[in-house]
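Residue numbers (full-length UniProt numbering): 1 to 641.
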Amino acid sequence: MAAGLAAAGRGDRGPHPGRWRPADAGGRDLGPHLDPGPRALVAAVARAPVHDGRGAAKAERPVTPHAAAPRVLPRDCPPRAAWALEEQGLDPLRARLFAARGVRSRDELDPDLAQLAPPGLLRGAAEAARLLADAIAAGRRLCVVADYDCDGATACALLLRGLVLLGAAPAQVDYVVPDRAVHGYGLTPAIVDLALAVGAELLITVDNGIASLEGVAHAKAAGLTVVVTDHHLCAQDDAGTVLLPAADAIVNPNQPGCDFPSKALAGVGVAFYLLLALRAELRARGTFATQPRLDGLLDLVALGTVADVVALDANNRRLVAQGLKRIRAGQMQHGVRALFQVAGRDARRASSQDFGFALGPRINAAGRLADMRLGIECLRTDDPARALAIAQQLDGINRERRAVEADMKAVSEDLLLSKMPQGEPPPAVVLFDEAFHEGVVGIVAGRVKEALHRPTFVFARGADGRLKGSGRSIPGLHLRDALDLLAKRCPGLLAKFGGHAMAAGCTLASDDVAAFDAALQTIARDGLAPEQLSRVLRHDGSLSGPMLSLQQAQALADEVWGQAFEPPLFVDEFEVLQQRLVGSGHLKLRLQHSSGVQADAIWFRRTDTLADHRVRLAYRLDADTYQGQARLQLLVEALAG
C-alpha cells in the first residue's frame, strides 16, 4: 500500500461478489506498456485522418481524443551540483541526471549495505526486538498479521523466513491475512480472533496496525503481546491529536518522536529493519555461534518497496539496488524466480520496472480478486515446483484482474461522457456503478487520473452494502486533507476515511454519491489553480546521437528509478520515417534523430498517427527484448512542441 493509507476503513480494500475464477496461465506478459490502459477516457469521438510516415492522409478512422497534452518542461539541474558529481567520478550524463534529482554527493549513490541508516534510529525497534527474542526463547507462538497487497505479502514472507533464520522453530511461526470480502483492512478484532484460533501468543503486524486501535485493544484484552510494524501515517482525532494503538511496541518511522531519516520505508522495509534489530539483540545475548545472514531476503525487500510506490530516497534505493544485485546474480526466493518466469522477464536483467509492472501486479491480484495467502505462499515456499505452480495461479488471477479492469474502464468511459459534455473534464472525477469491483477501484481511479489529470474517486458496493471508494490525486490537492475538509463540510456523509496526499479511501455512510461528488468538485475547484489541471512532464535535456544506443539504454536500466526518482526523460527532434497503429491503440514508429541515428519507437496508448513528418518528442531509452534478442527502442511520452 502506498504510505499513509493508515486510517481505518480505506475504501479500496474490500469485497466483490465476483470472486476469482481460474484463467489460463502462461504466455508472455506484455509488460507495463502494452497493457491497454484507459480507452482514452474522454468525451467525444472524432474523425481523424490516418497518415503515412511523411504526413500524407491515407484514410479516416474513428478515434477518441485524449485529455489535453502535457506540458513538457525542463527539469531543474543545478550546474554546480552536476559539476561536483563529475568531479567525484560520474560521467557527464549521470552527473546531470542525478543532480537534477537532488543528489549532491556520490556517497548518496553508494549501494553498500554499510551505508544504510542504522536500525538503532528506528523508534521502537529495540523494544520490539527484545520482546521477540524473549518469545523465541520461551517457545511462544508468533503470528504475523499481514496485509493483502504486495508490500504486505513480501513483509509477511520476509518475517516468516527471517524469524526462522534467527532461531524460531518453524512450527512456532504462523500468519494470518485478512480477506477483503470478510475482514476489511488491518488488525481488526475479527483478525485477532483468527490469530487466537491458530494459537497465537504474540502478534506482529506488517504493513498495517498503526491505526488499528480497536484491534490492538481486543488483542491485549485477550492476553496477547502485540508488536505493530507499519509505515503509514498515524490516525488523528478531530482536534489533530495523534492516536496510537496500545501495543507493546510500535515500529514505524512516521510515528511521533522517531528520528529515523528515511520516512519513506515501505512496510517490508520496516520488517527488514526489525529483523536487523532482532539479530543485534540476539547477538548481544550470545545466541549465535555464527551470525545468520539476512541479505538473502533483500529480493523481497526490493520487490515490496518498488511495488508499494514509496519514494525512492537514498536508503530505499540502497535496499532496492541490493535486491536487484542478488536477483541478477541468480540469488532469489523460488517464488520470485517463478514470478519472473511466468511474466516472461529475464531475471538476469532485472530492473525496478519488473517489480512495479510485472511481479507486483501478479501478487496484488491475489489480494484484489482471490486470497493473498497465495502470494505469501509463493514467496515463502522452498519447493521450486510449488513456487512455479502458485506463480502460474497468480498469473491467471492477474489476467482475470485485467479483464475486470477492462470492463470497468468501458463503463467508466460511458459515465465520463455524461460528465464531459464539452469535452473538458470537471475539476474532479467521481465514478460509481453497481457492477464495479471493489478490489479494482483503486487501479481504475489511477487510470482515470493519469488519463485526465484530475483527482479521481471510484466507488464500488462492498459486501456490507456500503459504498467504498478509492481515490488518486494530482500535485496540488492533498487527498486525505480534502476528505477531512469534506467530512467537516458534510457531517454524516463519510463513515470512514483515510489516506495521504496522492491516494486515499473512504466509505460513505449512505448511497449519496452525488453529494460526495458535489462537495469534492467544490474543494478541487477552490484548491487547484488552472495551471495545476494540466499534466507536466519534466525532461532531462537532449541526447547526442552516440548516446542513442542499446548500451546506454541498458546502463540506465541498471540504475534504480521509481517514485520521487523518476527515470530519465529526454527531448529531441526526429524525422518520422514510418508509423503505423498496432495492438489495441499504440503507435509504432521508425525515427531518425537529428544526428542521423535511426531507432524504432513505440508510443503506447497513442490512438492516432502524427500529421507532421518532423517532430520534437519527449522519450525514454528502453532496452526491448524479444525472443531473447535485445534492441534499442524509444518510448515516446509526448510531443514536446
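The beta carbon of each residue, even a glycine, is placed where N, CA and C say it ideally should be.
By DSSP's criteria, residue i is part of a beta bridge. Which residues make up the other side?
| i | result |
| --- | --- |
| P74 | H539 |
| Y619 | F570, V636 |
| V582 | H586 |
| Y626 | Q629 |
| Q598 | Q592 |
| F497 | C506 |
| W83 | BP columns for W83 are empty, so no partner. |
| L243 | A235 |
| G562 | F565 |
| E575 | Q592, R614 |
| V176 | V145 |
Determine the contact status of residue i and residue j, defining contact as a CB-CB distance below 7 angstroms.
| i | j | result |
| --- | --- | --- |
| G423 | L477 | no |
| A81 | A99 | yes |
| V306 | S351 | no |
| I443 | A482 | no |
| A321 | A126 | no |
| L639 | A599 | no |
| L359 | L339 | yes |
| V429 | M408 | no |
| A249 | L160 | no |
| Y273 | L121 | no |
| A389 | V342 | no |
| L73 | V536 | yes |
| Q115 | A311 | no |
| A623 | A529 | no |
| I136 | G162 | no |
| A387 | G330 | no |
| A146 | N315 | no |
| A138 | L282 | no |
| L202 | L297 | no |
| L275 | L294 | yes |
| D149 | N364 | yes |
| R402 | P425 | no |
| H593 | L569 | no |
Which stretch, first to last residue, makes up the beta strand (DSSP E) that contains residue i?
| i | result |
| --- | --- |
| V301 | It is not in any beta strand (DSSP E) - V301 instead sits in the alpha helix (DSSP H) that spans 298–307. |
| F457 | 456–461 |
| L274 | Premise fails: L274 lies in the alpha helix (DSSP H), 267–284, not in any beta strand (DSSP E). |
| A249 | 249–251 |
Taking the continuous alpha helix (DSSP H) assigned at residue i, which residues delimit it?
| i | result |
| --- | --- |
| R317 | 314–328 |
| V513 | 513–527 |
| residue 645 | The structure shown does not extend to residue 645, since the chain is modelled only from 1 to 641, so the question has no answer here. |
| R472 | Taken as a continuous stretch (DSSP letters only), R472 belongs to no alpha helix (DSSP H), being part of the beta strand (DSSP E) at 467–472. |
| L550 | 550–557 |
| R96 | 92–99 |
| K449 | 441–452 |
| L194 | 189–197 |
| H334 | 334–342 |
Counting only beta-carbon atoms, is residue i nearer than 7 angstroms to chain D?
| i | result |
| --- | --- |
| R328 | No chain D appears in this structure, which consists of one protein chain only. |
Hey, which unbroken runs of the alpha helix (DSSP H) at 4 residues or more fall wholly within the region 125–174?
125–138, 150–165
Three or more C-beta pairs closer than 8 angstroms, one from the region 202–216 and one from the region 250–269: is that the case here?
yes
Contact the region 362–380 vs the region 171–188: 3+ CB pairs below 8 angstroms:
yes
What are the uninterrupted segments assigned as beta strand (DSSP E) that are 3 or more residues long and contained completely in the region 407–436, given in chain order?
If we require 3 residues or more, the beta strand (DSSP E) runs fully inside the region 407–436 come out as 429–432.
Within 8 angstroms, do at least three Cβ pairs link the region 574–581 to the region 613–627?
yes
Counting only runs that start and end within the region 347–395, where is the beta strand (DSSP E) found for 3 or more residues in a row?
As for any beta strand (DSSP E) of minimum length 3 sitting wholly inside the region 347–395, there is none.
Assess contact between the region 184–196 and the region 412–422, defined as three or more Cβ pairs (one per stretch) separated by less than 8 angstroms. Is contact present?
No, the region 184–196 is not in contact with the region 412–422.
Quick check: the region 466–480 against the region 507–515, are there 3 or more CB pairs under 8 angstroms?
yes
Do three or more CB pairs link the region 252–266 to the region 226–238 at distances below 8 angstroms?
Judged by pairs of C-beta atoms under 8 angstroms, the region 252–266 touches the region 226–238, as three or more such pairs exist.
On the three-pair Cβ rule with 8 angstroms, is the region 236–251 touching the region 139–157?
no
Identify every run of the beta strand (DSSP E) within the region 201–235, keeping only runs that are complete inside it and at least 3 residues long; order them along the chain.
202–205, 225–229
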